[in-house]
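In what follows, a structure is listed as structure tokens, so that the remarks can point back to it.
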């Protein structure tokens, strides 16, 4: 995620900010502009806000704050004034919420929505969903945030356009327990969202997009029995010799669908981290190779079709830097993976599919959707129940 700036005073702003710490302007994320902005109330127009900028004519743009901000203080997104939906383009994708009367659930819900908004931003920048859908509609996967009940454990996963997240994943201690129990080197809330979105976009871009044959050449035949493959994976304790030779993670070796979802998540890790590094004007080299030319990290989300090899060339030293910084603070590696050439070719496939979709979205205009209309219709239906769900 890049660093933003207050248009009124120039102070840095971050994605979750609701106020500028320097000029004390109210702040909101404007999904239709994919930008965090200082805002001010419009005189004589109750409930309406506009971007605030010093030394410029007042903006003609008009916004309302998301219903989940005004009632729950759980969102910092704005809604264009002509949009009839009280929820922002991200919140309306959530169909089911945990019981907010249960202690701890409001905080868990906030963390879930915060991670989802980061996913929404990246997917929007990649042209994979409409960030300003018309008529109060929605675009993208539907989300259900559910809690375990006696005899009915909630499984995090994806099915038919709906992503279910167990709210327990928003508790750090519980998530670490599960990571250790499942022998995983990495388990984060945002990582869950990215992984499950990979399943959603496999349906949209691979299956419905007519790319199954090219997919099978890279990832294998997904028609093998999924449940049997997962059972075999867990039966061997998640240990497969030499999995690093072909996969981005050990779990990716369980089935081609999981291989794609894990690779998709790693690609989103890549572009988001590089965008962050670019926003800080990071210049990279590798210790011991000072004779090589030092180059500035390029923001892959600001270029139409970034070269994949160039991304990888910058990704490797940036992850080395991030891991080294973490170790300096006594933390574990932020990115505990080493990608083989076979894994990189799978990442290249995801990159090519996304770039092709992104190019098509750009040709259709700013309201173009990265997924078929059927997916948008399902999300729009979910939006009608999201505000009342508990």
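In our numbering, the protein residues as written are 179 to 568.
Here a beta-carbon is modelled for each residue, glycine too, at the ideal position from N, C-alpha and C.
What you are looking at is a predicted structure, and each value in this text was computed from that prediction instead of being measured.
- Sequence-distant residues of the same chain with beta carbon closer than 6 angstroms to residue 424, five excluded per side: Here residue 424 corresponds to residue number 246 of the chain shown, with the count starting at 1. These residues qualify, in order along the chain: 520.
- Alpha-carbon spacing of residue 322 relative to residue 234, whole angstroms: As a position in the chain shown, residue 322 is number 144, starting the count at 1. As a position in the chain shown, residue 234 is number 56, starting the count at 1. Each residue's alpha carbon lies about 42 angstroms from the other.
- Can you list, in chain order, the stretches of the beta strand (DSSP E) that have 3 or more residues and sit fully within the region 219-264? If we require 3 residues or more, the beta strand (DSSP E) runs fully inside the region 219-264 come out as 227-229, 241-243, 256-258.
- Message: Quick check on residue 229: buried or exposed, where buried means 16 or more other Cβ atoms within 10 Å of its Cβ?
- Response: Looking up residue 229 in the chain shown gives position 51. Buried, since its Cβ has 16 or more Cβ neighbours within 10 Å.
- Message: From the DSSP secondary-structure annotation, give me the bridge partner or partners of residue 473.
- Response: Residue numbering aside, residue 473 sits at position 295 when the chain shown is read from its first letter. BP columns for residue 473 point to 462.
- Item | Cβ pair residue 450, residue 274 closer than 8 angstroms | As a first step, residue 450 is located in the chain shown; it is residue number 272 there, counting from the start. As a first step, residue 274 is located in the chain shown; it is residue number 96 there, counting from the start. Pairing residue 450 with residue 274 gives a Cβ-Cβ distance that is not under 8 angstroms.
- Item | Per DSSP, the bridge partner or partners of residue 204 | Mapped onto the chain shown, residue 204 falls at position 26. DSSP output for residue 204 lists 197, 217 as bridge partner(s).
- Tell me, please, whether the region 512-528 touches the region 384-404 by the rule of three or more beta-carbon pairs shorter than 8 angstroms. Of all C-beta pairs linking the region 512-528 to the region 384-404, three or more are shorter than 8 angstroms, placing the two stretches in contact.
- Looking at C-alpha atoms only, which residue of 367, 239, 209 is the closest neighbour of residue 219? Here residue 219 refers to the residue found at position 41 when the chain shown is read from its first residue. Among 367, 239, 209, the Cα nearest to that of residue 219 is on 239.
- Helix, strand or coil: how does DSSP classify residue 414 here? Translated into the one-based positions of the chain shown, residue 414 becomes position 236. Reduced to three states, the DSSP call for residue 414 is coil.
- Use the C-beta contact count for residue 491: other C-beta atoms within 10 angstroms, 16 or more gives buried, fewer gives exposed. Sequence index remark: in the chain shown, residue 491 carries index 313 (1-based). Burial call: exposed.
- Would you list the one or two residues that DSSP bridges to residue 335? Numbered from its first residue, the chain shown carries residue 335 at position 157. In DSSP, residue 335 forms a bridge with 342.
- Task: Report the rounded CA-to-CA distance for residue 389 versus residue 232, giving the unit in angstroms.
- Result: Walking along the chain shown from the start, residue 389 turns up at place 211. Walking along the chain shown from the start, residue 232 turns up at place 54. Cα to Cα, residue 389 sits roughly 49 angstroms from residue 232.
- Message: Tell me which residue opens and which closes the beta strand (DSSP E) that residue 360 is part of.
- Response: Walking along the chain shown from the start, residue 360 turns up at place 182. First-last for residue 360: undefined, no H or E at that position.
- Look at the Cβ atom of residue 319, then the Cβ atom of residue 339, and state whether they are nearer than 8 angstroms. Translated into positions along the chain shown, residue 319 becomes position 141. Translated into positions along the chain shown, residue 339 becomes position 161. Their beta carbons are under 8 angstroms apart, which means residue 319 touches residue 339 by this criterion.
- Own chain residues within Cβ distance below 6 angstroms of residue 195, not counting five before or after: The residue you call residue 195 lines up with position 17 of the chain shown. Excluding positions up to five away in sequence, the list reads 205.
- Query: Where does residue 547 land, buried or exposed, given buried means 16+ other C-beta within 10 angstroms?
  - Reply: Here the question's residue 547 lines up with position 369 in the chain shown. Low per-residue confidence applies at residue 547: pLDDT is 47, beneath 50, and the placement is therefore not dependable enough to give any value.
- Proximity below 8 angstroms, CB of residue 207 to CB of residue 256: Counted from its first residue, the chain shown places residue 207 at position 29. Counted from its first residue, the chain shown places residue 256 at position 78. Yes. Within cutoff.
- Residue span of the alpha helix (DSSP H) that contains residue 295, given as start and end: What you label residue 295 is simply residue 117 of the chain shown in a count that begins at 1. Note, residue 295: alpha helix (DSSP H), 283-303.
- Message: For residue 298 and residue 406, I'd like the C-alpha separation in whole angstroms.
- Response: Locating residue 298 in the chain shown gives position 120, where the first residue counts as 1. Locating residue 406 in the chain shown gives position 228, where the first residue counts as 1. Whole-angstrom Cα-Cα distance: 33 angstroms.
- Within its chain, find whatever has a CB closer than 6 angstroms to the CB of residue 378; leave out the 5 residues flanking it on each side and keep chain order. Residue 378 sits at position 200 when you count from the first residue of the chain shown. Here the set comprises 319, 336.
- Task: Just mark residue 358 as buried or exposed, buried being the case when its beta carbon has 16 or more other beta carbons within 10 Å.
- Result: If you number the chain shown from 1, residue 358 lands on position 180. Flag for residue 358 reads exposed.
- Query: On the three-state DSSP scale, how would you describe residue 273?
  - Reply: Against the chain shown, residue 273 aligns to sequence position 95. Under the three-state reduction of DSSP output, residue 273 falls in the strand class.
- residue 258 and residue 310: beta carbons closer than 8 angstroms? On the chain shown, position 80 is the one that residue 258 refers to. On the chain shown, position 132 is the one that residue 310 refers to. Yes; because the gap between Cβ atoms is below 8 angstroms, this pair is in contact.
- Query: What does a CB cutoff of less than 6 angstroms around residue 434 pick up in its chain, not counting 5 residues either side in sequence?
  - Reply: For the purposes of this step, residue 434 is taken as the residue at position 256 of the chain shown. Closer than 6 angstroms at Cβ, skipping near neighbours: 397, 398, 400.
- Buried or exposed for residue 317, please, with buried defined as at least 16 other CB atoms from any protein chain shown within 10 angstroms of its CB. Position 139 of the chain shown holds residue 317. In this structure residue 317 is buried. Its beta-carbon is surrounded by 16 or more other beta-carbon atoms within 10 angstroms.
- Message: Is it the case that the region 471-480 contacts the region 323-332, given that we only count it when at least three CB pairs across the two stretches are under 8 angstroms?
- Response: Cβ pair count under 8 angstroms is below three, so no.
- Query: Quick one: what does DSSP say residue 436 is sitting in, helix, strand or coil?
  - Reply: As a working note, residue 436 is residue 258 in the chain shown. Judged by DSSP in its simplified three-state form, residue 436 adopts helix.
- Query: Helix, strand or coil: which one does DSSP assign to residue 209?
  - Reply: Taking the chain shown and counting its residues from 1, the one referred to as residue 209 is at position 31. Looking at residue 209 - three-state DSSP - the assignment turns out to be coil, as it is neither helix nor strand.
- For residue 283, which of 221, 477, 348 has the nearest alpha-carbon? By one-based count along the chain shown, residue 283 stands at place 105. In terms of Cα proximity to residue 283, the closest of 221, 477, 348 is 348.
- Might you give, ordered along the chain, the residues of its own chain that have their beta carbon closer than 6 angstroms to the beta carbon of residue 442, omitting 5 neighbours on each side? Within the chain shown, the letter at position 264 stands for residue 442. So the list reads 376, 528, once near-sequence residues are dropped.
- Straight-line Cα distance separating residue 188 from residue 429: On the chain shown, position 251 is the one that residue 429 refers to. On the chain shown, position 10 is the one that residue 188 refers to. If I take the Cα positions, the gap works out to 44 angstroms.
- Query: By how many angstroms is the C-alpha of residue 387 removed from the C-alpha of residue 502?
  - Reply: Your numbering for residue 502 matches position 324 in the chain shown. Your numbering for residue 387 matches position 209 in the chain shown. If you take the alpha carbons of residue 502 and residue 387, they lie about 40 angstroms apart.
- Query: On the premise that residue 263 lies in contact with residue 146, defined as a C-beta separation below 8 angstroms, what is that separation, rounded to the nearest angstrom?
  - Reply: Beyond the ends of the chain as shown, which are 179 and 568, falls residue 146; an answer cannot be given.
- chain B within 8 angstroms of residue 430, Cβ atoms only: Checking the listed chains, one finds no chain B in this structure; it contains a single protein chain.
- Measure the alpha-carbon distance for residue 248 versus residue 265 and round it to whole angstroms. Taking the chain shown and counting its residues from 1, one reaches residue 248 at position 70. Taking the chain shown and counting its residues from 1, one reaches residue 265 at position 87. If you take the alpha carbons of residue 248 and residue 265, they lie about 10 angstroms apart.
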